[in-house]
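Participant: When the letters of the sequence shown are read in order and numbered with full-length UniProt numbering, they come out as residues 1 to 343.
We treat Cβ as the ideally placed atom computed from N, Cα and C, and that holds for glycine.
Please read through the structure below; I'll follow up with questions.
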Amino acid sequence: MNESLKLSIIIPTYNVEKYITYCIDSLLEQNISKNDYEILIIDDGSTDNSLVIAKAFEAREINIRAYSKTNGGVGSARNKGLDLAKGKYIYFIDPDDYLASNVLKTILSSIEVNNLEVLTFLSVGTNSIHLKESASIEDKTIAVEIMNGIDYIDKNPYKNEVWWYIIEKDFIKRIGLRFIEDRWMEDAIFTLNLLVNCSRIAHLSYDVHRHVKVKGSAMTSKEPKHYIKVIYDNANAAQVYGGIINKLHNENSINKNVYKRLKARQESFVFFLMVRILKSRISFKEVKAILKTMTKAKAYPLHNFIGKDYNGFVYTTLTKVFSIKWIYYLLFIVFNTFLKIKN
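In structure tokens, the structure reads:
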């Protein structure tokens, strides 16, 4: 394996035997030498054949390495991948997603030529695992506008998910960035820290990534214990966001538009946890405690949620209802009673 690798692609896996093969195949169907990049598969204690499949790929491909670890969550698996990575640039991909064929040459060329810390690109949401051809024409000279991360937030509808970003490894090390472990929404906290510390970022209008909408994924699981954990992890993300926003605001590092956009993203965690609460078996006492904590974090009521990123009749109506605490409590009691009757 080449010690001066250009790219490390990190795949955290857990019980994904149905998906992992097409994900890895897409990473191999690229237009750069296998000596220039590595694929690190970090199995997080799978109980199915995910690790067996990963090891089979490792045995026949020179640029694949498979590792297993005790289950610790996706953040823990990604951190292990970071520790093992040898590439100049890092890319994280979920094991049920994939890349279009022959796109890495353009991506790496763009980030290298422009001396970027972070590069973003286009992703397509799909139910198909066969959308292999990029809609973009390969062109190393695709123009990009280079800016700092704060300006990027100001000018672009930035995304929480880490698979939108290819990142310089030295930049990650320089700012000491790691994923939080044993919590959901780890992507959102990682990418916000990435952006607010970044001095050279650009968006490449190039069709690269496919996000496969998988039924029964971890984030859509209705298993009661997991469902309630996601509620609390959304609340934690809102609190972390609050601390970062306050720091930036106190340093006069952001304008009104960036402040409002970050507040909208912070309040989005609260909005979606409130939706989840209505479908959960959480207690009324816990609901009151969560909203009290969100109020203290200045993430509730939802004064900034409606805007560029979230709008439309449903969002607007629910935001008004959710922001009146006694009406929301009444909604919760009605939904909770219905759930008890149903079961």
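Taking the Cβ atom as the reference point for each residue, do L5 and E38 lie within a distance shorter than 9 Å?
Facilitator: The residue labelled residue 5 in the question sits at position 5 within the sequence shown. The residue labelled residue 38 in the question sits at position 38 within the sequence shown. Result yes, Cβ atoms of L5 and E38 sit closer than 9 Å.
Participant: Can you give, in chain order, each stretch of the alpha helix (DSSP H) that sits fully within the segment 202–271 and has at least 4 residues?
Facilitator: For the segment 202–271, whole alpha helix (DSSP H) runs of length 4 or above, ordered along the chain, are 224–250.
Participant: Could you pull the DSSP bridge partners for V314 from this structure?
Facilitator: Translated into the one-based positions of the sequence shown, residue 314 becomes position 314. According to DSSP, which records beta bridges pairwise, V314 is partnered with nothing at all.
Participant: What does DSSP give as the partner residues of A66 in its beta bridges?
Facilitator: Counted from its first residue, the sequence shown places residue 66 at position 66. In DSSP, A66 forms a bridge with I41.
Participant: Tell me, which residues are paired with V287 by DSSP?
Facilitator: Walking along the sequence shown from the start, residue 287 turns up at place 287. BP columns for V287 are empty, so no partner.
Participant: Taking a contact to mean a Cβ-Cβ separation below 9 Å, would you say K260 touches G307 in this structure?
Facilitator: In the sequence shown, residue 260 corresponds to position 260, counting from 1. In the sequence shown, residue 307 corresponds to position 307, counting from 1. Yes; because the gap between Cβ atoms is below 9 Å, this pair is in contact.
Participant: When you compare each of D36, S50, S46 to I62 by their alpha carbons, which one comes out closest?
Facilitator: In the sequence shown, counting from the first residue as 1, residue 62 sits at position 62. When each option's Cα is compared against that of I62, the closest is D36.
Participant: Quick test of your reading: T13 and A54, contact by CB under 8 Å. State the CB separation rounded to the nearest angstrom.
Facilitator: On the sequence shown, residue 13 is found 13 positions in, with the first residue counted as 1. On the sequence shown, residue 54 is found 54 positions in, with the first residue counted as 1. Indeed, because the Cβ distance is near 7 Å, the residues count as touching under 8 Å.
Participant: With a threshold of 6 Å on Cβ separation, who are the neighbours of P301 within its own chain once the five nearest residues in sequence on each side are excluded?
Facilitator: Stepping through the sequence shown from its first residue, residue 301 is reached at position 301. Closer than 6 Å at Cβ, skipping near neighbours: S323.
Participant: Please report how far the alpha carbon of Y232 lies from the alpha carbon of W184, in whole angstroms.
Facilitator: Here residue 232 refers to the residue found at position 232 when the sequence shown is read from its first residue. Here residue 184 refers to the residue found at position 184 when the sequence shown is read from its first residue. Distance between the alpha carbons of Y232 and W184: 9 Å.
Participant: Just the Cα atoms here: how many angstroms apart are T21 and E181?
Facilitator: In the sequence shown, the residue the question calls residue 21 occupies position 21. In the sequence shown, the residue the question calls residue 181 occupies position 181. If you take the alpha carbons of T21 and E181, they lie about 26 Å apart.
Participant: If we ignore side chains and look at the alpha-carbon of each, how far apart do Y19 and E112 end up?
Facilitator: Taking the sequence shown and counting its residues from 1, the one referred to as residue 19 is at position 19. Taking the sequence shown and counting its residues from 1, the one referred to as residue 112 is at position 112. If you take the alpha carbons of Y19 and E112, they lie about 31 Å apart.
Participant: Please classify K263 as buried or exposed, where buried requires at least 16 neighbouring CB atoms within 10 angstroms.
Facilitator: Here residue 263 corresponds to residue number 263 of the sequence shown, with the count starting at 1. With 16 or more other Cβ atoms within 10 Å, it is buried.
Participant: Tell me, please, whether the segment 145–155 touches the segment 39–50 by the rule of three or more beta-carbon pairs shorter than 8 Å.
Facilitator: No contact exists between the segment 145–155 and the segment 39–50.
Participant: Consult DSSP for L99 and reduce its assignment to one of helix, strand or coil.
Facilitator: Locating residue 99 in the sequence shown gives position 99, counting from the first residue. In this structure, L99 counts as strand in the three-state DSSP scheme.
Participant: Quick check on Y91: does DSSP put it in helix, strand or coil?
Facilitator: As a first step, residue 91 is located in the sequence shown; it is residue number 91 there, counting from the start. Note: Y91 maps to strand in three-state DSSP.
Participant: Which residues does DSSP pair with T47 in a beta bridge?
Facilitator: Position 47 of the sequence shown, counted from the first residue, corresponds to residue 47. Paired residues: none, contrary to the question.
Participant: Helix, strand or coil: how does DSSP classify G176 here?
Facilitator: Along the sequence shown, read from residue 1 onward, the residue named residue 176 stands at position 176. G176: coil per DSSP, three-state reduction.
Participant: Can you tell me whether L330 is buried or exposed? The criterion is at least 16 other CB atoms within 10 Å of its CB, across all chains shown.
Facilitator: Translated into the one-based positions of the sequence shown, residue 330 becomes position 330. It is exposed - the Cβ of L330 has fewer than 16 other Cβ atoms within 10 Å.
Participant: Candidates D25, K320, M274, G75: which alpha carbon is nearest residue 389's?
Facilitator: For residue 389 there is no data in the structure shown, the boundaries of the chain being 1 and 343.
Participant: With a threshold of 9 Å between beta carbons, is Q266 in contact with chain D?
Facilitator: Within the model displayed, chain D is absent; a lone protein chain is all it includes.
Participant: To which residues does DSSP link G125 through a beta bridge?
Facilitator: Here the question's residue 125 lines up with position 125 in the sequence shown. Answer by DSSP bridge pairing, in chain order: H211.
Participant: Note down the Cα distance separating V52 from S68, rounded to an integer number of angstroms.
Facilitator: Counting from 1 along the sequence shown, the entry for residue 52 is found at position 52. Counting from 1 along the sequence shown, the entry for residue 68 is found at position 68. Those two C-alpha atoms are separated by around 10 Å.
Participant: Which partner residues does Y165 have in the DSSP bridge list?
Facilitator: Your numbering for residue 165 matches position 165 in the sequence shown. Partner(s): T120.
Participant: Looking at the structure shown, is I150 part of a helix, part of a strand, or coil, going by DSSP?
Facilitator: Counting from 1 along the sequence shown, the entry for residue 150 is found at position 150. Helix.
Participant: Measuring alpha carbon to alpha carbon, tell me which residue in R281, W164, F271, D309 is nearest L291.
Facilitator: Residue numbering aside, residue 291 sits at position 291 when the sequence shown is read from its first letter. If we check each option's Cα against that of L291, F271 comes out closest.
Participant: What three-state label does DSSP hand L131 in the structure shown?
Facilitator: Your numbering for residue 131 matches position 131 in the sequence shown. Three-state result, L131: coil.
Participant: Going by DSSP, what residue range makes up the beta strand (DSSP E) through I20?
Facilitator: In the sequence shown, counting from the first residue as 1, residue 20 sits at position 20. Per DSSP, I20 belongs to no beta strand (DSSP E); it is in the alpha helix (DSSP H), 20–28.
Participant: Nearest-angstrom Cα distance between I64 and Y89?
Facilitator: In the sequence shown, the residue the question calls residue 64 occupies position 64. In the sequence shown, the residue the question calls residue 89 occupies position 89. So the two alpha carbons sit approximately 16 Å from each other.
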